[in-house]
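J.: Protein chains in written order, with the working numbering: chain H, 1 to 361; chain Y, 1 to 361. The C-beta atom is built at its ideal place from N, Cα and C for all residues, glycine as well.
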DNA sequence: GTGAAAGCGCTAACAC
DNA sequence: GTGTTAGCGCTTTCAC
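1. Counting only Cβ pairs nearer than 9 Å, list the residues of chain Y close to residue 107(H).
2. Look at the Cβ atom of residue 90(H), then the Cβ atom of residue 303(H), and state whether they are nearer than 8 Å.
3. Mind pulling the alpha helix (DSSP H) runs of 4 or more residues that sit fully within the region 33-67 of chain Y?
4. Thinking C-alpha only, which one of 125(Y), 34(Y), 48(Y), 36(Y) is nearest residue 68(Y)?
5. At the 8 Å Cβ level, is residue 11(H) part of the contact set with chain Y, yes or no?
6. Of all the options 141(Y), 174(Y), 176(Y), which has the alpha carbon lying nearest to the alpha carbon of residue 165(Y)?
7. Of all the options 13(H), 60(H), 236(H), 334(H), which has the alpha carbon lying nearest to the alpha carbon of residue 43(H)?
8. Name, going along the chain, the residues of the region 289-306 of chain H whose beta-carbon falls closer than 9 Å to a beta-carbon of chain Y.
9. Going straight from the alpha carbon of residue 215(H) to that of residue 338(H), what length do you get?
10. Put residue 16(Y) into one of helix, strand or coil per three-state DSSP.
11. Taking the alpha-carbon positions, what's the residue 369(H) to residue 47(Y) distance?
12. So residue 86(H) contacts chain Y; which residues on that side make the cut at Cβ distance below 7 Å?
13. Under a three-way DSSP split, which group does residue 223(H) fall into?
14. Which residues, in order along the region 123-140 of chain H, keep a beta-carbon less than 8 Å from a beta-carbon of chain Y?
15. Run through the region 154-226 of chain H for me and flag every whole beta strand (DSSP E) of 3 or more residues, listed as ranges in chain order.
16. Which same chain residues end up closer than 7 Å to residue 275(H) when comparing Cβ atoms and leaving out the 5 residues on each side of it in sequence?
17. Figure out for me which residue from 291(Y), 116(Y), 131(Y) has the closest Cα to the Cα of residue 99(Y).
18. In its own chain, which residues sit with a C-beta less than 6 Å from the C-beta of residue 170(Y), not counting the 5 before and 5 after it?
19. If I follow the unbroken alpha helix (DSSP H) through residue 257(Y), where does it start and stop?
20. What does DSSP give as the partner residue(s) for residue 110(H) in the beta ladder?
21. Just verifying my parser: in three-state terms, what is the DSSP assignment at residue 21(Y)?
22. Is the shortest distance between the beta-carbon of residue 275(H) and the beta-carbons of chain Y less than 8 Å?
23. Measure the C-alpha to C-alpha separation of residue 299(Y) and residue 183(Y) and round it to an integer number of angstroms.
24. Just reading off the beta strand (DSSP E) that residue 282(Y) is part of, what are its end residues?
25. Based on the DSSP secondary-structure assignment, which residues constitute the bridge partners of residue 297(H)?
26. With distances taken Cα to Cα, identify the nearest neighbour of residue 251(H) among 187(H), 279(H), 289(H), 104(H).
27. Going by beta carbon distance, what residues of the same chain come within less than 6 Å of residue 227(Y), once the five residues before and after it are set aside?
28. Would you say residue 404(Y) reaches chain H, if we count a Cβ-Cβ gap shorter than 8 Å as a contact?
29. Taking 8 Å as the threshold (beta carbon to beta carbon), is residue 48(H) in contact with chain Y?
30. Just the C-alpha distance for residue 40(H) and residue 108(H), rounded to the nearest angstrom, thanks.
31. What does residue 325(H) pair with, by DSSP beta-bridge criteria?
32. Would you verify that the beta carbon of residue 221(Y) is, or is not, closer than 8 Å to some beta carbon of chain H?
33. Residues of the region 225-237 of chain H in Cβ contact with chain Y at a cutoff of 8 Å, in chain order, please.
34. At a cut of 8 Å, does the region 188-208 of chain Y reach the region 244-264 of chain Y through at least three beta carbon pairs?
35. Exposed or buried, which one is residue 172(H) when buried takes at least 16 other CB atoms within 10 Å?
36. Is the beta carbon of residue 325(Y) less than 8 Å from the beta carbon of residue 167(Y)?
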């Protein structure tokens, strides 16, 4: 099939056919009340039958603005992974919907952690009116610089004091508390904390973890903390290393569902049962969390609201408003990994484990 | 912080400062050789120090083209799920990289399955030069119409005869064969096929499944086929229904890793062990597939190549080339869900197989 | 209510 | 090598 010339109908054509001027067509299509109802209808019908759509490029140029917002997923320079954390994807989907429903286009980019000032270029080249940054960021300084160069920017993450850009995130500290309290209330004594506290969000979750322990008059044991990264393969490596050396725990609080799920997989490969031997709480409450076996207890961050808040935040930044911090409602969703074992019922006919209680090396 | 006026530097400013005309600035920045090396450098430096970026909107308007390609993820009107299948996400990430590295911007949209002609609008409004459609599509007709209205379009999926648009996909039939052969060669007799054959891709995988059975002189048992949907929650519901009624199988070939993983979870919740009692093969080879326990055998589709092929295909379509079908290399990645149990060592009392006969082809 | 005209920021002939 | 000029497709005064 050889393509016919891409018939780019434009306003002139419609004007000619309708016997009016371009300005009238423009007005009619924009729904201006200044134009006679009959001619308006005629023009609109004509446009539809010609399958005409206004050229947004020209429109933007003329109006001196754009209706596009950029969404950026940082890619770790280290890993070749397509997209790191499933959570970001879920958020991405919500953002797409939030933007579309508000009439914005979404420009999607992945950016190397080194070339953060490409972000600025996106805005200065008029490609987008602002940027939403999703994801782990150890880039406070770079982002601050951007914001100060007045690049409208909104970040998913944790608020750092004096941040010159807007931040949207869950109540990480509370999340950490909720998770840990639940484990403590289940009689768990040695709770492993999994997450890299160099990331602000994780640091806050750790504070919550500590809060809960202190509340319960427990000691915070440094040996029960491990800096597991968010990226899947790296997380698995780090975890299996860890489990080789550390076995003396009866619960895990993982800073992402991915980490939690990997931990569960590795534990069961070793013959340690969840929740019988180890309770587990994750973070994010991914759809997958309710799909696995056993289903995963997790700290839920409201994605749709997150998306809406991020969109609001860039727009506000673009208007020149002061940066704002949005903390979203955060709660614990309880599932099977934190339920007292009903050994009597479901485990009765299960085959004997090779090593019922001991973990293999 | 009240924002200073968004300082939109433009070529005129640079021209004035450099004491040259706008055309020279334009040429210099475009790297034209026609401009004196010294002035070129002066201009480029000036532009950099002013953090100037060419306005792509104006550029596109003038050049009568755009460097943006739209990527569309259909959203099922039925479910509120953010993003349905993790596989699409992975592909999305690859696409982002492929586009960026080739100098294209990516416009990301989700589109209701009903409003497929929004796709056309994207192109006709000059937002993008073409559209890549990712995902399940029972929309052959609608897509064909689009292609015939000369909307450059490339689809991830399975080729239907006489398709007027380009299609990129794995070798679904071969994939089905590989999976099924492996299960047969492992002595599996009653292989459950999970996937909705109304989708062309799944239909082909089913053909492969049938091929392999016929090859091995087995019967194709209609009772061993179930139309499990791709979307996570729906899949789980369908699967748990299914498992309530159907238990007489010793292997599963699932048309996505998500379905496979859900099946494994449900089976183990029931006390049926994988791979001891049931072998499982998935499709997609998601990163997660190697993360779970037991690790999942799966049919791998090469994502990076898929992305590259899709980009090529839209560009070709836009040039007016005839639609093309690209079939990607497809292979089986073996992992623990299809490994013979090491009974001798750990599973001494594993249940006897119903049909020990080991039929390899 | 409608048209004429100017111009958004840029590029590409075409001159010199 | 560089400047001049004419638009790309649209919106929006400003007239009528």
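T.: On the basis of the supplied data:
1. By 1-based counting over the first chain, the position of residue 107(H) is 107. What residue 107(H) touches in chain Y: 68, 105, 106, 107, 108.
2. If you number the first chain from 1, residue 90(H) lands on position 90. If you number the first chain from 1, residue 303(H) lands on position 303. Going by C-beta atoms, residue 90(H) is nearer than 8 Å to residue 303(H).
3. 37-49, 56-63
4. Here residue 68(Y) is taken as the residue at index 68 of the second chain, counted from 1. With distances taken between Cα atoms, residue 68(Y) lies closest to 125(Y).
5. For the purposes of this step, residue 11(H) is identified with residue 11 of the first chain, where counting begins at 1. By this cut-off, residue 11(H) is not an interface position.
6. The sequence position of residue 165(Y) within the second chain is 165, counting from 1. Looking at the Cα atoms, 141(Y) is the closest of the given residues.
7. Against the first chain, residue 43(H) aligns to sequence position 43. Out of 13(H), 60(H), 236(H), 334(H), 13(H) has the C-alpha closest to the C-alpha of residue 43(H).
8. 290, 291, 292, 293, 294, 295, 303, 304
9. Working through the first chain from its first residue, we reach residue 215(H) at position 215. Working through the first chain from its first residue, we reach residue 338(H) at position 338. Each residue's Cα considered, the two are about 20 Å apart.
10. For the purposes of this step, residue 16(Y) is identified with residue 16 of the second chain, where counting begins at 1. Helix.
11. There is no way to answer for residue 369(H), as the model of chain H reaches only from 1 to 361.
12. Here the question's residue 86(H) lines up with position 86 in the first chain. By Cβ distance, chain Y contributes 86.
13. The sequence position of residue 223(H) within the first chain is 223, counting from 1. Here residue 223(H) sits in helix by DSSP.
14. 124, 125, 126, 127
15. 166-170, 191-194
16. Walking along the first chain from the start, residue 275(H) turns up at place 275. Only 294, 336, 337, 338, 339, 341 meet the Cβ criterion.
17. For the purposes of this step, residue 99(Y) is taken as the residue at position 99 of the second chain. Selected option, being the one with the closest Cα: 131(Y).
18. Here residue 170(Y) refers to the residue found at position 170 when the second chain is read from its first residue. Once the five neighbours on either side are set aside, the close Cβ partners of residue 170(Y) are 301, 328, 330.
19. As a working mapping, residue 257(Y) is identified with position 257 in the second chain. Counting along the chain, the alpha helix (DSSP H) containing residue 257(Y) begins and ends at 257-270.
20. Here residue 110(H) refers to the residue found at position 110 when the first chain is read from its first residue. 73(H).
21. Position 21 of the second chain holds residue 21(Y). Three-state DSSP puts residue 21(Y) in coil, outside helix and strand.
22. Indexing the first chain from 1 puts residue 275(H) at position 275. Not closer than 8 Å to any Cβ of chain Y, the Cβ of residue 275(H) fails to qualify, so no.
23. Position 299 of the second chain, counted from the start, is the residue given in the question as residue 299(Y). Position 183 of the second chain, counted from the start, is the residue given in the question as residue 183(Y). Going by the C-alpha atoms only, they are around 13 Å apart.
24. Translated into the one-based positions of the second chain, residue 282(Y) becomes position 282. It spans 279-284 - the beta strand (DSSP E) in which residue 282(Y) sits, taken as one unbroken run.
25. Taking the first chain and counting its residues from 1, one reaches residue 297(H) at position 297. Paired residues: 281(H).
26. Position 251 of the first chain, counted from the first residue, corresponds to residue 251(H). The candidate whose alpha carbon is nearest that of residue 251(H) is 279(H).
27. As a working note, residue 227(Y) is residue 227 in the second chain. Here the set comprises 196.
28. Given that chain Y is displayed from residue 1 to residue 361, the structure contains no residue 404(Y) and the question cannot be resolved.
29. Residue 48(H) sits at position 48 when you count from the first residue of the first chain. Not closer than 8 Å to any Cβ of chain Y, the Cβ of residue 48(H) fails to qualify, so no.
30. Counted from its first residue, the first chain places residue 40(H) at position 40. Counted from its first residue, the first chain places residue 108(H) at position 108. Going from the Cα of residue 40(H) to the Cα of residue 108(H) covers about 36 Å.
31. For the purposes of this step, residue 325(H) is taken as the residue at position 325 of the first chain. Paired residue(s): 167(H).
32. Taking the first residue of the second chain as 1, we reach residue 221(Y) at position 221. So no, residue 221(Y) is outside the interface.
33. 232, 233, 236
34. yes
35. Start at 1 with the first residue of the first chain, and residue 172(H) comes out as number 172. Classification of residue 172(H): buried, given that the 10 Å Cβ count is 16 or more.
36. As a working mapping, residue 325(Y) is identified with position 325 in the second chain. As a working mapping, residue 167(Y) is identified with position 167 in the second chain. Their beta carbons are under 8 Å apart, which means residue 325(Y) touches residue 167(Y) by this criterion.
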